[in-house]
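Chains as they are written, first to last, in our numbering: chain A, 3 to 362; chain B, 14 to 285.
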């Protein structure tokens, strides 16, 4: 049965009408939702299964939501920037409230070598002086002498964006969602109902370690501050040799400060040292953060492969979209589009499907 | 013996011994801050490094949650030198060392007790105390210290059979801040393996340390934060091998006057 279906994906037989592709997406984080969108947009009949009680409540919940392919290019492989450009266009079209304000990278005077290094490793930025920084972010006027401005980047509020995407999937694409409240048992369901789906798209993040042995967790901690004394239009990255931190304005006086990156897979536990570092950086950016209210602290674990690059793996009629590491929002839509093309057209994408695609 | 044979013999017969364990590579690498574990693994392979340091203090979490990264390190097939990076008190360092011994099954520990946040300078008082406690408990301690001879003496009496003075503050990339102090230390401890640890930014710094007669160089940031860590790891391995070869080759003395390699006066006679 499986082989017949696989063949039909590889010839020109369209998955249409009564023959609509039935797809089960496991996991309703940023990877699962964008995959659901990509498949549904091509006419598939999609069900999303999620063990939590709503969508976007795994590590997507704690994401920064920076759509910053050029900033990421500084430390990531070129493929991340490439996926990022595609994803940036996706988010602008798919959800409301994606401010196109660019991003700002700053360093205190003693860490200027890090700013120079950052500039050497990427492009699509302009050097800005103190006056220009003051024009871009009036509340930072006089606080920094040098920085990098990436005008083409954007950001979004991950929780709102995934809620909007979920709503869109339900209303426009008739995607069915089954949350934990529906009594879904992940293991039984996978084995018991596989024949009802033509393709299973596994987007479980670190939970997929049972199937993807080379997946590991990289812990990230964040906090949300509330202050009416300072306003920022765009994400600001503050460089530091050991503790690089970003601050993303979330609107209504809220700021997300993130994120640590620690080689362990411990969920939920936030340490004092990490908070000291994150708060210290926020305070260094502007003293008003010292008087800000701590609204939330949180931590989760990013799923990553050994090369920290995302992967799309196909095993029969199961597609695994995983290893998004720090690049969930930046990479997921581009991977989702590829996943759909793999299923519908039998396509192959070496840049995310070769086992060692870092050479790509 | 022709030159090639001689060179080959020298390289093969020139291991360095740390607590009875012989290694051939004189480059020790830290494992933090690489773009990914895959690049770290490639850098280690490219450099021929046989010993890597691993930090545990922060990664261990509440329940030794760093297992998957540590397993990646173990899978590299190199010797692991767990470190106590990030520890600021004797107690913290000792506890971290005990956990490291359990996790990696090695008595080796790179002992760091940080005393100052801006320079990450070692707290040498805490260092000596922790070294004494750990040596007594059967650890083989690699202390990260300064070039202070008195401190070094105390570390040796505490049981340390290796000393690791800094070149410059951790992560600064400044090279050897005090070549005179490092030279004195070499002269003072002719029989103890000495490793320059921290502050090395360029392969030339590492070569200079080897030319001072140091036994090995330990570094992390200079490779991890390079644009191409794998290439930089290879560059450091080459520089360290060059510096070591130079020491064995017995360098010429520095002179004030030019010493032409061909006699100036006779030169015209060989013309046209």
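Even glycine gets a Cβ: it sits at the ideal position worked out from N, Cα and C.
Given the structure is predicted, the values throughout are model-derived calculations rather than measurements.
Residue i and residue j closer than 8 Å at C-beta
{"i": "residue 214(B)", "j": "residue 246(B)", "result": "no"}
{"i": "residue 222(A)", "j": "residue 260(A)", "result": "yes"}
{"i": "residue 212(B)", "j": "residue 192(B)", "result": "no"}
{"i": "residue 124(B)", "j": "residue 106(B)", "result": "yes"}
{"i": "residue 62(B)", "j": "residue 94(B)", "result": "no"}
{"i": "residue 128(A)", "j": "residue 151(A)", "result": "yes"}
{"i": "residue 227(A)", "j": "residue 307(A)", "result": "no"}
{"i": "residue 40(A)", "j": "residue 342(A)", "result": "yes"}
{"i": "residue 206(B)", "j": "residue 228(B)", "result": "yes"}
{"i": "residue 250(A)", "j": "residue 68(A)", "result": "yes"}
{"i": "residue 333(A)", "j": "residue 82(A)", "result": "yes"}
{"i": "residue 71(B)", "j": "residue 99(B)", "result": "yes"}
{"i": "residue 60(B)", "j": "residue 40(B)", "result": "yes"}
{"i": "residue 249(B)", "j": "residue 232(B)", "result": "yes"}
{"i": "residue 158(A)", "j": "residue 97(A)", "result": "yes"}
{"i": "residue 321(A)", "j": "residue 351(A)", "result": "no"}
Own chain, CB closer than 8 Å to residue i, minus 5 neighbours either side, in chain order
{"i": "residue 91(A)", "result": "none"}
{"i": "residue 123(A)", "result": "75, 76, 77"}
{"i": "residue 164(B)", "result": "137, 140, 141, 158"}
{"i": "residue 88(A)", "result": "335, 336, 339"}
{"i": "residue 113(A)", "result": "241, 242, 243"}
{"i": "residue 229(A)", "result": "255, 257, 290, 291, 293, 294, 295"}
{"i": "residue 35(B)", "result": "28, 29"}
Proximity test, Cβ basis, 8 Å: residue i and chain B
{"i": "residue 102(A)", "result": "no"}
{"i": "residue 305(A)", "result": "no"}
{"i": "residue 195(A)", "result": "Caution applies to residue 195(A), whose pLDDT of 48 falls short of 50 and renders its modelled position unreliable; the value that the coordinates give is listed next. For residue 195(A), the answer is no, since every Cβ of chain B falls outside 8 Å of its Cβ."}
{"i": "residue 265(A)", "result": "yes"}
{"i": "residue 352(A)", "result": "no"}
{"i": "residue 325(A)", "result": "no"}
{"i": "residue 260(A)", "result": "no"}
{"i": "residue 239(A)", "result": "no"}
{"i": "residue 219(A)", "result": "yes"}
{"i": "residue 246(A)", "result": "no"}
{"i": "residue 44(A)", "result": "no"}
{"i": "residue 315(A)", "result": "no"}
{"i": "residue 77(A)", "result": "yes"}
Proximity test, Cβ basis, 8 Å: residue i and chain A
{"i": "residue 286(B)", "result": "Here chain B comprises residues numbered 14 to 285, so residue 286(B) is not present and cannot be evaluated."}
{"i": "residue 49(B)", "result": "yes"}
{"i": "residue 42(B)", "result": "no"}
{"i": "residue 117(B)", "result": "no"}
{"i": "residue 140(B)", "result": "no"}
{"i": "residue 212(B)", "result": "no"}
{"i": "residue 184(B)", "result": "yes"}
{"i": "residue 195(B)", "result": "no"}
7 Å Cβ shell around residue i - same chain, five flanking residues per side excluded
{"i": "residue 56(A)", "result": "181"}
{"i": "residue 44(A)", "result": "342, 346"}
{"i": "residue 326(A)", "result": "33, 305, 312, 333, 334"}
{"i": "residue 113(B)", "result": "69, 95, 122"}
{"i": "residue 217(B)", "result": "252"}
{"i": "residue 110(A)", "result": "286"}
Contacts around residue i, its chain only, beta-carbon distance under 6 Å, and the 5 residues preceding and following it disregarded
{"i": "residue 329(A)", "result": "82"}
{"i": "residue 130(A)", "result": "149, 151"}
Query raised in the report: Do the stretch 172 to 179 of chain B and the stretch 86 to 102 of chain B meet, that is, are 3 or more Cβ pairs less than 8 Å apart?
Result: no
Query raised in the report: Which runs of the beta strand (DSSP E) fall wholly inside the stretch 216 to 276 of chain B and span at least 3 residues, in chain order?
Result: 229 to 232
**Report entry** Three or more C-beta pairs below 8 Å linking the stretch 52 to 63 of chain B and the stretch 185 to 204 of chain B
**Finding:** no
Query raised in the report: Counting pairs of Cβ atoms below 8 Å between the stretch 295 to 304 of chain A and the stretch 112 to 124 of chain B, do you hit three or more?
Result: no
Query - 3 or more residues per run - each beta strand (DSSP E) lying fully within the stretch 28 to 115 of chain B - result: Fully contained in the stretch 28 to 115 of chain B are the following beta strand (DSSP E) runs of length 3 or more, in chain order: 29 to 31, 34 to 36, 40 to 43, 64 to 68, 92 to 96.
Query raised in the report: For the stretch 36 to 81 of chain A, which segments carrying the beta strand (DSSP E) assignment without a break, of at least 3 residues, lie completely within its bounds, in sequence order?
Result: Along the length of the stretch 36 to 81 of chain A, whole beta strand (DSSP E) runs at least 3 residues long occupy 47 to 51, reported in chain order.
Query raised in the report: Which ranges would you report for the beta strand (DSSP E) in the stretch 202 to 234 of chain A if only whole runs of at least 3 residues count?
Result: 218 to 228
Query raised in the report: Does the stretch 269 to 277 of chain A come close enough to the stretch 230 to 242 of chain A to have 3 or more Cβ pairs within less than 8 Å?
Result: Flag = no, the stretch 269 to 277 of chain A and the stretch 230 to 242 of chain A do not touch.
Query raised in the report: Would you say the stretch 198 to 211 of chain A touches the stretch 18 to 27 of chain A, given that touching needs at least three Cβ pairs under 8 Å?
Result: These segments touch.
Query raised in the report: Mind pulling the alpha helix (DSSP H) runs of 4 or more residues that sit fully within the stretch 273 to 304 of chain A?
Result: 274 to 287
Query raised in the report: Which ranges does the beta strand (DSSP E) cover as unbroken runs of at least 3 residues, wholly within the stretch 69 to 155 of chain A, from first to last along the chain?
Result: 105 to 108, 128 to 131, 148 to 152
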